[in-house]
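Residue numbers (the numbering used here), protein chains in the order written: chain E, 1 to 251; chain G, 252 to 417.
We treat Cβ as the ideally placed atom computed from N, Cα and C, and that holds for glycine.
What follows is a set of notes on a single structure, which appears directly below.
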């Protein structure tokens with residue numbers, strides 16, 4: 001492969017959306033209300049759409065005959081480079097919203113920076129995605145406030161979710177070797193630069209939601225290196241089932 | 252800013268205008284603004300379409316419908332999906348907006364007005380049933396990726412609003 005760094009870089013971005021999209025898809029028909037059910041699955045659909053664009057590009061770069069579907073469906077767990085945050089389970093609606101908001105706030109900042117990429121395909125995907133992700137972030141930040149500043153019970157559940165998920169936020173700003181090289185070349189986003197703005201914004205929304213900002217400085221990492229929490233295996237088992245059971249089947 | 256100009260061969264317009272969005276059958280793909288170019292090169296038609304939303308499942312169907320319609324008109328064709336410039340609701344033609352309204356989907360507002368609505372500001376999305384301006388946002392996400400759900404506070408009718416994208 002001529003440009004392995006670019007290939008790995010694209011996978012790092014796309015896998016976040018793929019795994020989060022799969023998680024949200026689990027809520028299809030199981031959301032707490034019709035509107036939120038539809039919202040979560042709409043967000044899932046947007047993410048999958050974005051993932052297709054990334055994987056179509058990655059398959060061109062790979063030049064080894066693998067299609068977008070092969071890249072999405074036929075890798076092993078260690079080859080998925082998503083952050084640990086997005087693979088965390090839906091648990092309850094507060095967790096679903098907490099995970100979504102902590103990711104959306106990052107995703108939106110990331111895409112705005114990616115719009116300036118020297119790589120014209122990546123910047124075009126970012127131009128398209130940023131419009132969609134603005135809606136996602138509006139939805140999730142709105143719900144953070146509604147649950148945080150809602151009843152005693154919703155407040156407590158929302159606070160629990162934020163406390164638990166907080167440990168996965170720092171990893172968003174870690175860089176792999178490919179990330180560093182791509183950032184130097186002006187293709188990738190220099191994520192450490194987004195960190196201060198991210199926490200400022202997240203803290204602002206949490207404060208507005210009458211939630212406490214977790215003080216824990218202990219953070220989990222590993223997803224970007226392919227070292228995942230126990231949850232990813234189960235997600236992949238469901239995601240890959242059809243292709244593993246009936247290889248090369250087509251819809 | 253990249254160009255938003257369309258390059259569509261005049262002979263092809265009547266053919267392409269007959270193709271509609273499979274999810275909003277009253278709206279032709281030309282009025283929706285998803286066809287960005289259609290030109291005849293060496294007897295073969297090259298068409299470029301752009302998705303409304305990244306995950307829009309209608310794009311594959313639209314691509315097939317274009318090929319079929321052109322084939323019936325005697326043209327071989329090739330359809331490419333392009334992402335840049337990204338589609339905006341501003342590309343829906345006035346005729347398309349009217350068709351949406353008649354179908355019961357409120358047409359997208361001008362950009363600033365849209366932001367006000369979705370950020371719970373002024374409510375000026377008109378009910379498609381009774382025309383009342385007294386409507387409320389039920390959810391920013393609706394039955395398809397491109398729509399939000401509204402309800403009229405006067406006649407109580409729930410309706411779709413075509414979300415603004417810019």
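task: Could you name the residues that DSSP lists as bridge partners for residue 327 of chain G?
output: The residue you call residue 327 of chain G lines up with position 76 of the second chain. Beta-bridge partners of residue 327 of chain G (DSSP): G:295.
message: Please list, in chain order, the residues of the stretch 108-137 of chain E that have any C-beta partner in chain G closer than 7 Å.
response: Taking 7 Å as the upper bound on Cβ-Cβ separation, chain G lies near residues 124, 125, 127, 128, 129, 131, 132 and 135 of the stretch 108-137 of chain E.
message: Cβ closer than 9 Å: which chain G residues qualify as neighbours of residue 46 of chain E?
response: What you label residue 46 of chain E is simply residue 46 of the first chain in a count that begins at 1. Residues of chain G with a Cβ closer than 9 Å to the Cβ of residue 46 of chain E are, in chain order, 304, 305, 306 and 396.
task: Tell me where the beta strand (DSSP E) around residue 403 of chain G begins and ends.
output: Taking the second chain and counting its residues from 1, the one referred to as residue 403 of chain G is at position 152. 398-403 is the span of the beta strand (DSSP E), which, as asked, contains residue 403 of chain G.
- prompt: In this structure, does DSSP put residue 219 of chain E in helix, strand or coil?
  reply: If you number the first chain from 1, residue 219 of chain E lands on position 219. The DSSP-derived three-state label of residue 219 of chain E is coil.
message: For residue 243 of chain E and residue 249 of chain E, which I take to be in contact (beta-carbon distance under 8 Å), what is that distance rounded to the nearest angstrom?
response: As a working note, residue 243 of chain E is residue 243 in the first chain. As a working note, residue 249 of chain E is residue 249 in the first chain. A Cβ-Cβ distance of about 7 Å is found for the pair residue 243 of chain E and residue 249 of chain E, placing them in contact under the 8 Å criterion.
- request: Taking C-beta pairs closer than 9 Å, name the residues in chain G that residue 139 of chain E reaches, listed in chain order.
  value: Position 139 of the first chain, counted from the first residue, corresponds to residue 139 of chain E. Simply 390, 391 and 392.
- request: Look at the Cβ atom of residue 112 of chain E, then the Cβ atom of residue 305 of chain G, and state whether they are nearer than 8 Å.
  value: In the first chain, residue 112 of chain E corresponds to position 112, counting from 1. In the second chain, residue 305 of chain G corresponds to position 54, counting from 1. Result no, Cβ atoms of residue 112 of chain E and residue 305 of chain G do not sit closer than 8 Å.
- request: Per DSSP, which residues does residue 411 of chain G bridge with? Please list them.
  value: For this step, residue 411 of chain G is matched to residue 160 along the second chain. G:356 and G:400.
task: Could you have a look at residue 9 of chain E and say whether DSSP puts it in helix, strand or coil?
output: The count along the first chain starts at 1 and reaches residue 9 of chain E at position 9. When DSSP states are grouped into helix, strand and coil, residue 9 of chain E belongs to the helix group.
field: Integer-rounded CB distance, given that residue 63 of chain E should sit under 8 Å from residue 109 of chain E
entry: The residue given as residue 109 of chain E occupies position 109 in the first chain. The residue given as residue 63 of chain E occupies position 63 in the first chain. So it is not a contact: roughly 32 Å between Cβ atoms.
- prompt: If you check the beta carbons only, do residue 224 of chain E and residue 83 of chain E fall under 8 Å apart?
  reply: Within the first chain, numbered from 1, the residue matching residue 224 of chain E stands at position 224. Within the first chain, numbered from 1, the residue matching residue 83 of chain E stands at position 83. Yes. Within cutoff.
message: I want to check one thing, is the minimum distance from the CB of residue 344 of chain G to the heavy atoms of the ligand ADP below 7 Å?
response: Absence of the ligand ADP from the depicted structure is noted, as is the absence of any ligand whatsoever, leaving it without description.
Closest Cα partner of residue 41 of chain E within the set E:61, E:179 and E:96: Your numbering for residue 41 of chain E matches position 41 in the first chain. The closest CA to that of residue 41 of chain E, considering only E:61, E:179 and E:96, is found on E:96.
message: Distance check for residue 379 of chain G and residue 359 of chain G, CA to CA, integer angstroms please.
response: Start at 1 with the first residue of the second chain, and residue 359 of chain G comes out as number 108. Start at 1 with the first residue of the second chain, and residue 379 of chain G comes out as number 128. The alpha-carbon atoms of residue 359 of chain G and residue 379 of chain G are separated by roughly 12 Å.
message: Distance check for residue 318 of chain G and residue 312 of chain G, CA to CA, integer angstroms please.
response: Walking along the second chain from the start, residue 312 of chain G turns up at place 61. Walking along the second chain from the start, residue 318 of chain G turns up at place 67. Using only the alpha carbons, I get a separation of about 10 Å.
message: So for residue 386 of chain G, helix, strand or coil by DSSP?
response: As a working note, residue 386 of chain G is residue 135 in the second chain. Judged by DSSP in its simplified three-state form, residue 386 of chain G adopts strand.
field: Of the residues E:23, E:236, E:162 and E:11, the one placed nearest residue 147 of chain E, counting alpha carbons only
entry: As a position in the first chain, residue 147 of chain E is number 147, starting the count at 1. It is E:162 whose Cα lies nearest to the Cα of residue 147 of chain E.
message: According to DSSP, residue 37 of chain E sits in a beta bridge with which residue or residues?
response: Residue numbering aside, residue 37 of chain E sits at position 37 when the first chain is read from its first letter. Answer is none; residue 37 of chain E lacks a bridge partner.
query: What number of angstroms, rounded off, separates the C-alpha of residue 245 of chain E from the C-alpha of residue 74 of chain E?
result: Within the first chain, numbered from 1, the residue matching residue 245 of chain E stands at position 245. Within the first chain, numbered from 1, the residue matching residue 74 of chain E stands at position 74. If you take the alpha carbons of residue 245 of chain E and residue 74 of chain E, they lie about 12 Å apart.
- prompt: In the structure shown, what three-state DSSP assignment does residue 23 of chain E receive?
  reply: Looking up residue 23 of chain E in the first chain gives position 23. The DSSP-derived three-state label of residue 23 of chain E is helix.
- prompt: Using a C-beta cutoff of 8 Å, does residue 337 of chain G count as contacting chain E?
  reply: Against the second chain, residue 337 of chain G aligns to sequence position 86. Chain E contact via Cβ: present.
message: Output needed for residue 383 of chain G: all residues of its chain with C-beta closer than 6 Å, excluding positions within five of it in sequence on either side, in chain order.
response: In the second chain, residue 383 of chain G corresponds to position 132, counting from 1. Taking residue 383 of chain G as the centre and dropping the five residues before and after it, the same chain places the C-beta of 403 and 405 closer than 6 Å to its C-beta, in chain order.
field: For residue 272 of chain G: DSSP bridge partner residues
entry: Sequence index remark: in the second chain, residue 272 of chain G carries index 21 (1-based). Bridge partners of residue 272 of chain G: G:275.
message: At the 8 Å Cβ level, is residue 400 of chain G part of the contact set with chain E, yes or no?
response: Counted from its first residue, the second chain places residue 400 of chain G at position 149. It does; some Cβ of chain E falls within 8 Å.
message: According to DSSP, simplified to helix, strand and coil, what is residue 300 of chain G?
response: Within the second chain, residue 300 of chain G is the residue found at index 49, counting from 1. Residue 300 of chain G: strand per DSSP, three-state reduction.
- prompt: Can you find a CB in chain E that lies within less than 8 Å of the CB of residue 416 of chain G?
  reply: Counted from its first residue, the second chain places residue 416 of chain G at position 165. Taking Cβ atoms only, chain E reaches closer than 8 Å to residue 416 of chain G, which makes this a yes.
message: By the 8 Å beta-carbon criterion, what residues does the stretch 189-215 of chain E contribute toward chain G?
response: Answer in chain order: no residues at all.
message: Considering just the uninterrupted stretch of the alpha helix (DSSP H) at residue 163 of chain E, what are its terminal residues?
response: What you label residue 163 of chain E is simply residue 163 of the first chain in a count that begins at 1. DSSP places residue 163 of chain E in the uninterrupted alpha helix (DSSP H) bounded by 152-165.
Whole-Å CB distance - residue 354 of chain G paired with residue 277 of chain G, under 8 Å assumed: Against the second chain, residue 354 of chain G aligns to sequence position 103. Against the second chain, residue 277 of chain G aligns to sequence position 26. Going by Cβ atoms, the distance from residue 354 of chain G to residue 277 of chain G rounds to 4 Å, so yes, they are a contact pair.
field: Interface partners of residue 150 of chain E on chain C, CB under 9 Å
entry: Of the chains in the structure shown, none is chain C; the protein chains are E and G.
task: Return the first residue and the last residue of the alpha helix (DSSP H) that residue 337 of chain G is part of.
output: Walking along the second chain from the start, residue 337 of chain G turns up at place 86. Segment: none, residue 337 of chain G is in no alpha helix (DSSP H) and carries neither H nor E.
task: Name, please, each residue of chain G whose Cβ falls closer than 7 Å to the Cβ of residue 162 of chain E.
output: Residue 162 of chain E sits at position 162 when you count from the first residue of the first chain. Simply none; closest approach about 22 Å.
- prompt: Is it right to say residue 302 of chain G is buried, meaning 16 or more other beta carbons lie within 10 angstroms of its own, or is it exposed?
  reply: Start at 1 with the first residue of the second chain, and residue 302 of chain G comes out as number 51. So residue 302 of chain G ends up on the buried side.
query: Among E:57, E:118, E:211 and E:60, which residue has its Cα nearest to the Cα of residue 149 of chain E?
result: Numbered from 1 along the first chain, position 149 holds the residue referred to as residue 149 of chain E. Ranking the options by Cα distance to residue 149 of chain E, first place goes to E:211.
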